[in-house]
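Comments concern the structure below.
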Amino acid sequence: MAFVNFVRANPALAPLFLFAGAGCVAAVGYPLYLLRTHPEIQIDKKNNPYPWIHIKQHENIKFINAYPEFYASRKDMEKPSY
12 MAFVNFVRAN PALAPLFLFA GAGCVAAVGY PLYLLRTHPE IQIDKKNNPY
62 PWIHIKQHEN IKFINAYPEF YASRKDMEKP SY
């Protein structure tokens with residue numbers, strides 16, 4: 012309650028707290044997004060030691076794709092065996 016009273020007494024500081032809070036949320040949220048969606052980031056090495064093997068040749072895992080035709084051209088390629 013003291014924080015709300017402080018912001019009411021100093022309304023010019025409200026945008027500062029708003030953007031600082033949004034920055035903190037983004038600083039925590041983006042790495043969590045990366046952990047959930049990118050297979051090259053490993054947390055559990057015991058159950059899935061090689062996650063990059065499960066990516067198909069034509070599957071795009073990049074955040075921004077500048078050349079989408081590359082993945083479309085690889086769709087009919089066979090998976091290499093190592």
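Our numbering numbers the first residue of the sequence shown as 12 and each following residue consecutively. C-beta atoms are modelled at their ideal positions from N, C-alpha and C, and glycine is treated no differently.
Between the alpha carbons of I52 and A20 lies a gap of roughly 46 angstroms. The beta carbon of V18 sits closer than 8 angstroms to the beta carbons of L24, A25, F28 from its chain, once the five residues preceding and following it are set aside; these are given in chain order.
Membership of S92 in any alpha helix (DSSP H) is not indicated, and neither H nor E is assigned to it by DSSP. For A77, the secondary structure class from DSSP, reduced to helix, strand or coil, is coil. H49 and H65 have their C-alpha atoms spaced approximately 12 angstroms apart. Judged by DSSP in its simplified three-state form, I64 adopts helix.
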